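**Q**
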Amino acid sequence: MKELNRWTHKLVDELSNQPELSEVASDVQDKGSATYVNIDRSTASRLGVTTAAIDNALYSAYGQRLVSTIFTQSNQYRVVLEVDPAAQIRPESLNDLRIPSSNGTQIPLSAIAELSERATPLSVNHLNQFPVATLSFNLAPNASLGDAVAAIERVKQEMNLPLSIRTSYQGAALAFKASLDNTLWLILAAIVTVYIVLGVLYESYIHPITILSTLPSAGVGALLALMISGNDLGMIGIIGIILLIGIVKKNAIMMIDFALEAERKQGMSPVDAIFQACLLRFRPILMTTFSALLGALPLMLGSGVGSELRNPLGITMVGGLLLSQLLTLYTTPVIYLWMDSLAKRFTSPSL
C-alpha cells in the first residue's frame, strides 16, 4: 500500500507537468491520522486491568454500544452510550478515560498505556483484493484524447514503474484504447465481407478488387477533410470511414455491373463495354453521390447539443465522397481494363 501511494503521487506530479493534461488528481487519501493505544501489559497486570476491560471501555466511549431501549406508545428509542462529542475531537481525551480494575477501582488509561499518532489512509480502494488508486484528468485546450493517452504512456516509460505496480485505463480512455486496438481488424473484416459478397455476385475473383480500389481514395479524402477542419481521427471518424466503404463502392458497382453485362450478353469488348458504362452510368453516379453528400452536410455543418459528435461523421463522409467521386470516375475504367487483361492472362490456355 505504501509503495502504491508513493508511486501514485509521483505519477500525478509528472502528469501535471504535461501540456496535454490538466487538473490531474487521484483518489489516494493517505493524509489521515490515527491514534494508537500501546498498552503496558506489565503495569496493567499489576493494577488488575485486563485487555478486555480496556477494549470494552474504548468501545463504550467511541463505539456504538446500545445500553437500553426507551419504549413509548408510538415509537421506541435506542440509547447509545458514548463520551461527550466535544471530547471525541481531541486524541488527548483518551487519557481521561477510566478503566475498571479487578479490585473495583478506576484506573486512568494514561497510567497503563501510551498514546501515539501515525499517518493512515482515510480510505483504501481494492480491485480483486489488491489495493488500487484511480487517477483522473481533463484535456488541455486544443488537446485530443489520443495526445493525452500518448503523453501518459510516455510518462510511464520514463518513470520506469516497478513490476509490482500495474496500470490500466478506465472510462473514455479505455474506450479509446479499445477502439484503436480493434479498428484495423474491424475495417479489414468489412473489406473482406464486401469482397466475398461481390465475388459471389459477379462470379469473379478479380473484379471485386476493381470495386474495392475505390476505397483508398475515400479514406484519403476523409483524412484530408479531418485534417483541414482541425478534427482528430476519433471513434466517430472511424465510423464514418466504415460507412464510406459501403457508400463509395457503388460508383464502381454501377459501371462494372453494366460493363460485365454488356460483355456477357452483347459480346462487346472490355474497352467498348466500360466506355459505354461510363457514358450511361455517369448521371446515376452523380445523383447517388450528391444525394449521400447532401445528406451528410447537416451532420457536418450542424451546431448545438451533440454537434461535437455529429460534425466529424459529416466531415468524414463529405471529404471521402468528394475525393472518391473526382478520382474513381477516371481510375475505375483503367483498373477494370487492367484487371480484365490480368484475368485473361491467367485463364488463357498455355501452348
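Under this note's numbering, the residue at position 195 of the sequence shown is numbered 195, and the numbers go up by one with no gaps.
Idealized CB from N, CA, C, for every residue including glycine.
A quick note: this is a predicted structure, and the numbers were derived from the prediction, not measured.
1. At which residues does the alpha helix (DSSP H) containing Pro-270 begin and terminate?
2. Grouping DSSP H, G and I as helix and E and B as strand, with all else coil, what is Gly-32?
3. Of the choices Ile-206, Arg-46, Val-200, Tyr-62, whose alpha-carbon is the least far from that of Ser-341?
4. DSSP puts His-126 in a beta bridge; with which residues?
5. Work out the CA separation of Ala-343 and Leu-351 for me, nearest whole Å.
6. Which same chain residues end up closer than 6 Å to Ala-352 when comparing Cβ atoms and leaving out the 5 residues on each side of it in sequence?
7. Where do the ends of the alpha helix (DSSP H) carrying Glu-158 lie?
8. Taking the beta carbon of Thr-8 as the centre, do at least 16 other beta carbons fall within 10 Å, making it buried, or is it exposed?
9. Which partner residues of Gln-76 appear in the DSSP bridge assignment?
10. How about Met-159 and Glu-3: do their beta carbons lie closer than 8 Å?
11. Output needed for Ser-102: all residues of its chain with C-beta closer than 7 Å, excluding positions within five of it in sequence on either side, in chain order.
12. Which residue from Tyr-77, Asn-95, Ser-16 puts its Cα closest to that of Leu-139?
13. Starting from Val-24, trace the beta strand (DSSP E) both ways and give me its first and last residue.
14. Run through DSSP, which three-state label would Pro-108 get?
15. Which residue comes first and which comes last in the alpha helix (DSSP H) that contains Ser-116?
16. Report yes if the CB atom of Glu-114 is closer than 8 Å to the CB atom of Asp-30, and no otherwise.
17. Got a sec? Which residues, its chain only, sit under 8 Å from Thr-43 by beta carbon, not counting five neighbours each side?
18. Using the C-alpha atoms, what's the distance from Leu-212 back to Ile-191?
19. Which full runs of the beta strand (DSSP E) of 3+ residues lie inside the segment 203–230, going along the chain?
20. Measure how close the beta-carbons of Thr-332 and Thr-167 come, nearest whole angstrom, since I'm counting them as under 8 Å.
21. Going straight from the alpha carbon of Pro-216 to that of Ser-22, what length do you get?
22. Out of Met-1, Leu-58, Val-220, Ile-238, which has the shortest C-alpha to C-alpha gap to Arg-310?
23. If I measure Cβ to Cβ from Ile-274 and keep anything under 6 Å in the same chain, skipping five residues before and after, which residues do I get?
24. With distances taken from CA atoms, which of Arg-345, Ala-133, Gln-64, Asp-84 is nearest Arg-78?
25. Looking only at its own chain, which residues have a Cβ that is under 6 Å from the Cβ of Pro-208, when we skip the five neighbours before and after it?
26. What separation, rounded to the nearest whole angstrom, lies between the Cα atoms of Pro-270 and Glu-203?
27. Count the other CB atoms within 10 Å of the CB of Thr-372; is the residue buried (16 or more) or exposed (fewer)?
28. Measuring CB to CB, does Ala-57 end up less than 8 Å from Glu-82?
29. Taking C-beta to C-beta, are Pro-131 and Met-1 nearer than 8 Å?
**A** By the coordinates alone:
1. Indexing the sequence shown from 1 puts residue 270 at position 270. Its alpha helix (DSSP H) spans residues 270–301.
2. Locating residue 32 in the sequence shown gives position 32, counting from the first residue. The DSSP-derived three-state label of Gly-32 is strand.
3. What you label residue 341 is simply residue 341 of the sequence shown in a count that begins at 1. Out of Ile-206, Arg-46, Val-200, Tyr-62, Ile-206 has the C-alpha closest to the C-alpha of Ser-341.
4. Indexing the sequence shown from 1 puts residue 126 at position 126. DSSP lists Pro-131 as partners of His-126.
5. The residue given as residue 351 occupies position 351 in the sequence shown. The residue given as residue 343 occupies position 343 in the sequence shown. Summary for Leu-351: the model assigns pLDDT 41, below 50, so the residue's position carries little reliability, and this model does not support an answer.
6. Residue 352 is absent from the model: the chain starts at 1 and stops at 351.
7. For this step, residue 158 is matched to residue 158 along the sequence shown. Looking at the DSSP string, the run of the alpha helix (DSSP H) that includes Glu-158 is 145–159.
8. Locating residue 8 in the sequence shown gives position 8, counting from the first residue. Buried is the call here.
9. Along the sequence shown, read from residue 1 onward, the residue named residue 76 stands at position 76. BP columns for Gln-76 point to Phe-71.
10. Residue 159 sits at position 159 when you count from the first residue of the sequence shown. Residue 3 sits at position 3 when you count from the first residue of the sequence shown. Between Met-159 and Glu-3, the C-beta gap is not smaller than 8 Å, which leaves the two residues out of contact.
11. By 1-based counting over the sequence shown, the position of residue 102 is 102. Around Ser-102: Gly-48.
12. Indexing the sequence shown from 1 puts residue 139 at position 139. The shortest Cα separation from Leu-139 among Tyr-77, Asn-95, Ser-16 belongs to Ser-16.
13. Working through the sequence shown from its first residue, we reach residue 24 at position 24. In the DSSP assignment, Val-24 falls within the beta strand (DSSP E) that extends over 21–26.
14. If you number the sequence shown from 1, residue 108 lands on position 108. Correct three-state label for Pro-108: strand.
15. Along the sequence shown, read from residue 1 onward, the residue named residue 116 stands at position 116. For Ser-116, no alpha helix (DSSP H) segment is defined; the enclosing uninterrupted segment is the beta strand (DSSP E) at 113–120.
16. Start at 1 with the first residue of the sequence shown, and residue 114 comes out as number 114. Start at 1 with the first residue of the sequence shown, and residue 30 comes out as number 30. For Glu-114 and Asp-30, no; Cβs fall outside 8 Å.
17. To locate residue 43, count along the sequence shown from 1; it is residue 43. Within the same chain, Ala-111, Ile-112 come within 8 Å of Thr-43 by CB-CB distance, once the 5 residues on both sides are set aside.
18. In the sequence shown, counting from the first residue as 1, residue 191 sits at position 191. In the sequence shown, counting from the first residue as 1, residue 212 sits at position 212. Their backbone Cα atoms lie some 8 Å apart in a straight line.
19. Runs of the beta strand (DSSP E) inside the segment 203–230: none found.
20. Here the question's residue 332 lines up with position 332 in the sequence shown. Here the question's residue 167 lines up with position 167 in the sequence shown. Rounded to the nearest angstrom, the Cβ distance from Thr-332 to Thr-167 is 48 Å, too far for a contact under 8 Å.
21. On the sequence shown, residue 216 is found 216 positions in, with the first residue counted as 1. On the sequence shown, residue 22 is found 22 positions in, with the first residue counted as 1. Taking the straight line joining both Cα atoms gives about 37 Å.
22. Here residue 310 corresponds to residue number 310 of the sequence shown, with the count starting at 1. With distances taken between CA atoms, Arg-310 lies nearest to Ile-238 out of Met-1, Leu-58, Val-220, Ile-238.
23. In the sequence shown, counting from the first residue as 1, residue 274 sits at position 274. Within the same chain, Cβ atoms closer than 6 Å to the Cβ of Ile-274 are found at Ala-259, Pro-333, Tyr-336, the five residues on either side in sequence being excluded.
24. Taking the first residue of the sequence shown as 1, we reach residue 78 at position 78. Nearest to Arg-78 by alpha-carbon distance, out of Arg-345, Ala-133, Gln-64, Asp-84, is Gln-64.
25. Working through the sequence shown from its first residue, we reach residue 208 at position 208. Here the set comprises Tyr-195, Leu-198, Gly-199.
26. The residue given as residue 270 occupies position 270 in the sequence shown. The residue given as residue 203 occupies position 203 in the sequence shown. Each residue's Cα considered, the two are about 17 Å apart.
27. A question about residue 372 goes unanswered here, because the residues of the chain that appear run from 1 up to 351.
28. Position 57 of the sequence shown, counted from the first residue, corresponds to residue 57. Position 82 of the sequence shown, counted from the first residue, corresponds to residue 82. If you check the CB distance, Ala-57 and Glu-82 do not come in under 8 Å.
29. For the purposes of this step, residue 131 is identified with residue 131 of the sequence shown, where counting begins at 1. For the purposes of this step, residue 1 is identified with residue 1 of the sequence shown, where counting begins at 1. Yes.
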